[in-house]
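Numbering (this note's numbering), first residue to last: 351 to 690.
In this text, a Cβ means the ideal position worked out from N, Cα and C, and glycines have one as well.
To start, the structure itself, in structure tokens.
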Ligand SMILES: [Fe+2]
Ligand SMILES: [Fe+2]
């Protein structure tokens, strides 16, 4: 064996690596609970391709119902399909900031799950409305209305994306994660409701599995926040109050109906949205009624409120649902953190 080379005067220390940077490598574990959730996420992985797709046939629905289902999944995709990119970016951020290893791994697992949720949108649309959401030519008035609404929806999704890109670098972990937590609370609530309402086995299994994933995401957010919240300052607290209102504005589009004045939509959007949602409803997709949705959303928000108030964070007023709190008047597209 060759001899080691030991320089005179000792080894030269490697230069310090400028931060943020993913180097040097390390695998610190500070929160065992997060490591356990990550292990669980690996054991619970499922494959959207294995859902009983043969049981989903376009012939089971009228044309209007098929269009309604496609429309609902196109709306869902505005949320769930932003998940992979949102959490992939958060994962990179966690590496660069040298968060403990289970934080990085949990973000990665959410990225993985959200890719599955996006695939569910993709597969359903491909089966029921080839070319959807937008790459098809509408003929009837109903089709034109659906196509146009989806175009407007994605225009808004695009506006919110810039805000998120800036937010990842701008906001501290507790601000970002309160928004994430609200998104996961909304998502788990939505899919639990849909799983109980659907009359179709493919959607039943899909919503159940997605709902289970979303509950795990919520658990991840809560565990991270329990570490982060004790150090909050009043400035950050009031920023969080604002972000909770932004979360409501954003998530209402899929959980209920978009509130006035924030989404950039044409005046006919909502009326046509209601017609299309009704077609999805009569198709047996599991879309709850307007009142059931409002009640579900109210319950989810009460849960978020109970959590944040424990840490001295005030809840924003949500007059749309008769929820009292601190008035937050103006939300900018840049304030929206698109997460689900
Ligand atoms: Fe999701
Ligand atoms: Fe999620």
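Asked	Found
Identity of the residue in 637, 433 and 441 nearest residue 540 by Cα	637
Candidates 407, 392 and 471: closest to residue 427 by CA position	471
Collapsed DSSP secondary structure at residue 590 in the structure displayed	helix
Element boundaries [alpha helix (DSSP H), containing residue 502]	491–520
8 Å contact criterion, which residue 550 and residue 634 should meet: CB distance rounded	6 Å
Cβ-heavy atom distance, residue 642 to ligand 2, below 6 Å	no
Sub-7 Å separation of residue 681 and residue 599 beta-carbons	yes
Buried or exposed by the 16-neighbour rule on C-beta atoms within 10 Å, applied to residue 517	buried
Reduced DSSP secondary structure (H/G/I, E/B, other) of residue 616	coil
Chain-ordered residues, beta carbon under 7 Å from a heavy atom of ligand 2	433, 460, 463, 464, 533, 534, 537, 563, 564, 567 and 690
With 16 other Cβ atoms within 10 Å as the buried cut-off, status of residue 478	buried
Presumed contact (8 Å Cβ cut-off) between residue 669 and residue 582, rounded CB distance	Between residue 582 and residue 669 the Cβ distance is about 26 Å, and since that is not below 8 Å, they are no contact.
Residue 373, buried or exposed, once every other Cβ within 10 Å from all chains shown has been counted against 16	exposed
Which of helix, strand or coil DSSP assigns to residue 419	helix
At least three beta-carbon pairs within less than 8 Å, the segment 450–457 to the segment 619–627	no
Anticipated Cβ contact below 8 Å, residue 500 with residue 484, distance rounded	6 Å
Ordered list of alpha helix (DSSP H) runs contained in the segment 419–467, each at least 4 residues	433–446
Three-way DSSP call (helix, strand, coil) for residue 678 in this model	coil
Complete alpha helix (DSSP H) runs within the segment 533–605 (minimum length 4 residues, chain order)	551–578 and 584–605
Any non-hydrogen atom of ligand 1 closer than 6 Å to residue 467 Cβ	yes
Cβ distance (whole Å) where residue 529 is taken to contact residue 593 below 8 Å	5 Å
8 Å contact criterion, which residue 538 and residue 568 should meet: CB distance rounded	6 Å
Presumed contact (8 Å Cβ cut-off) between residue 468 and residue 410, rounded CB distance	Not confirmed; about 24 Å, so no contact.
Residue 618, buried or exposed, once every other Cβ within 10 Å from all chains shown has been counted against 16	exposed
Under the three-state DSSP convention, the category residue 668 falls into	strand
Residue 430 Cβ short of 6 Å to ligand 1 heavy atom set	yes
Per-residue DSSP class, three states only, for residue 356	coil
Cβ-based burial, residue 611 [other Cβ within 10 Å; buried from 16]	exposed
Member of 650, 416, 441 and 546 whose CA lies at the smallest distance from the CA of residue 534	650
The alpha helix (DSSP H) enclosing residue 651, as first and last residue numbers	640–659
Whole-Å CB distance - residue 654 paired with residue 572, under 8 Å assumed	Wrong, their Cβ atoms sit about 11 Å apart, outside the cutoff.
With 16 other Cβ atoms within 10 Å as the buried cut-off, status of residue 606	buried
Collapsed DSSP secondary structure at residue 387 in the structure displayed	helix
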